[in-house]
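Accompanying notes for the structure given below.
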Amino acid sequence: MMTMLPLLPAAASSSSFSSLNLLRRNPNRSRVSPRALQCSSSPVLDPDSPPPRGEIRANHAGVRLEERVEVGAEKTRIDSWISSRIRGVSRARIQSSIRSGLVAVNGRTVNKVSHIIKGGDMVSCMISKLQPLKAEPEDMPLDIVYEDEHVRCQQTWTYGLVVHPAPGNANGTLVNAILHHCRLPIRAFANNIQISDTEECSESSDSDIEEVCVDQCSMEEVGVENYEALVRPGIVHRLDKGTSGLLVVAKDDHSHAHLAEQFKKHTIHRVYMSLTSGVPNPSYGRIEIPIARDSNNRIRMVAVSGLNNSRHARYAASRYKVIEDFMGGGAALVQWRLETGRTHQIRAHAKHLGIPLLGDEVYGGTKDMVLSLLRPRTPPTYHGHLSNIISKLQRPCLHAFSIGFKHPHTGEFLRFSCPPPDDFSEVLDQLRSISDCCAKI
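When you line the sequence shown up against UniProt numbering, it's residues 1 to 441, in that order.
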């Protein structure tokens, strides 16, 4: 369902997109707010020390289960049944064991987590032992927009930056940088769980979308209060892989919980900018269409509506507005306001509107597709220039331009913005220049 509504007005501290001349980075801009205070050192669980009273030690050992499903029991998913029989082991860890071929039903190996079992079935299961993985503090440059003793807002120019350490990729992640910047000691994680690279951590639902393998334990293993801060120190939300822009980082448990709740309730104010193939019609509106995994391509999400809506689809709503169009509708600069934060939400909604993002090979914004729209709208003398511009696209042209949230300790509403990085700005400038020249012919 689409409702054509004007975008909500921007807060007083943020100008509208009429000020898009500020799209280029200022190398002389201060990286840290004058109000910035030194990081606090929050306590870290030492894997070799006894667990504090009242907390549950993470279970790193392997677990074996051989049991017959009670006769007369209702049919159920195998991952759900095993989870009900083994305490202290996360559902994701059980699913990983199933996918690894460590589960058998009536002597036959199953590798689908959704496999249905019934009363009388004999289930054999081995939950593999967790191998600790350490995240060490690493001195990496952080482009900080604002920082105090509780929160930090930073720009992510390295749009390929991995958020968490993973097997084979233990260094150079955002977590490594946070540990160094906040002077925190080495963190030990538990291996074998995968979290999707989702906009909102609290809404992560499936592990097959741009997987980031994270060493972590279940909530039962470490205690609900410490779970979020332990497995990803400071990380409250993520950006889709390939997206540049602003990230908010929490520096204490209260701030983490408070910010996570704001994301869960969709009260965070988020504005994105994109370059699209074509121009949406109408030029502004609200798109409210659920998003589910594409059954034909598991690395892609798809907007589904009406009779095509499945039980796996998740509610998603976005507002959009065309800020500027180029070459008679061949491309556009489009502002997005997120009401929810599903995986690939803007990219899936843009494709549904028929305007895939420039450079988004997964959702149809291929170089050939972009050129097929631009070339017919420009004189042949510009075709070579256009090809050169488009050939430089290495990612979807999507940038988290602005974020606003209530400070978890003071209650003050904070809002920050940052211009896109050079790769985005250069494409925008070139499209604008060619479009202006064509308009004069």
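Positions of the beta carbon are idealized from the N, C-alpha and C atoms, including for glycine.
Residues that DSSP places opposite residue i in a beta bridge
| i | result |
| --- | --- |
| Ser435 | DSSP lists no partner for Ser435. |
| Phe416 | Ile403 |
| Asp294 | Asn297 |
| Asp325 | Ala332 |
| Arg108 | Val105 |
| Val248 | Cys153 |
| Thr410 | DSSP, once it has assigned bridges, lists no residue as partnering Thr410. |
| Glu67 | Val123 |
| Leu371 | Answer is none; Leu371 lacks a bridge partner. |
| Val271 | Arg337 and Ser402 |
| Ser277 | Ala331 |
| Ile117 | Thr76 |
Whole-number beta carbon distance between residue j and residue i, since they are thought to touch under 8 Å
| i | j | result |
| --- | --- | --- |
| Cys397 | Leu275 | 4 Å |
| Met122 | Arg68 | 5 Å |
| Val362 | Ile299 | 7 Å |
| Pro280 | Val334 | 7 Å |
| residue 444 | Gly245 | One cannot answer for residue 444 here, as it falls past the ends of the chain, which runs 1 to 441. |
| Arg99 | Val89 | Going by Cβ atoms, the distance from Arg99 to Val89 rounds to 15 Å, so no, they are not a contact pair. |
| Lys367 | Leu386 | Contact doesn't hold; Cβ gap of about 10 Å is too wide. |
| His352 | Ile289 | 6 Å |
| Tyr272 | His399 | 6 Å |
Which of helix, strand or coil DSSP assigns to residue i
| i | result |
| --- | --- |
| Ile355 | coil |
| Thr378 | coil |
| Asp148 | coil |
| His237 | strand |
| Ser255 | helix |
| Ile78 | helix |
| Val175 | helix |
| Ser15 | For Ser15, the predicted structure reports a pLDDT of 37, less than 50, and the residue's modelled location is therefore unreliable. The matter cannot be settled from this model. |
| Gly341 | coil |
| Asp422 | helix |
| Val427 | helix |
| Ser318 | strand |
| Ile86 | coil |
| Gly384 | helix |
| Leu393 | coil |
| Leu142 | coil |
| Ile441 | coil |
| Ala313 | coil |
| Ala303 | strand |
| Ser96 | helix |
| His266 | coil |
| Glu361 | coil |
Cβ-based burial, residue i [other Cβ within 10 Å; buried from 16]
| i | result |
| --- | --- |
| Thr109 | exposed |
| His254 | exposed |
| Ser80 | exposed |
| Asn176 | buried |
| Arg347 | buried |
| Glu412 | exposed |
| Arg93 | buried |
| Ile441 | exposed |
| Tyr382 | buried |
| Thr410 | exposed |
| His312 | exposed |
| Glu70 | exposed |
| Gly242 | buried |
| Ser435 | buried |
| Phe424 | buried |
| Glu261 | exposed |
Span separating the alpha-carbon of residue i from that of residue j
| i | j | result |
| --- | --- | --- |
| Ala350 | Cys125 | 43 Å |
| Ser372 | Phe326 | 14 Å |
| Ala73 | Ile116 | 12 Å |
| Leu247 | Ile291 | 23 Å |
| Glu149 | Lys251 | 7 Å |
| Arg432 | Ile390 | 14 Å |
| Ala439 | Asn111 | 59 Å |
| Pro356 | Gly278 | 8 Å |
| Gly329 | Arg87 | 57 Å |
| Thr340 | Thr267 | 9 Å |
| Ile127 | Ser84 | 14 Å |
| Glu426 | Lys75 | 57 Å |
| Phe263 | Arg270 | 10 Å |
| Asp139 | His180 | 6 Å |
| Tyr284 | Ile323 | 9 Å |
| His407 | Val249 | 12 Å |
| Ser295 | Ser97 | 23 Å |
| Lys321 | Pro282 | 9 Å |
| Leu338 | Gly234 | 22 Å |
| Arg286 | Arg319 | 4 Å |
Cβ-heavy atom distance, residue i to the ligand GDP, below 7 Å
| i | result |
| --- | --- |
| His407 | Here there are no bound small molecules, and the ligand GDP is not part of this structure. |
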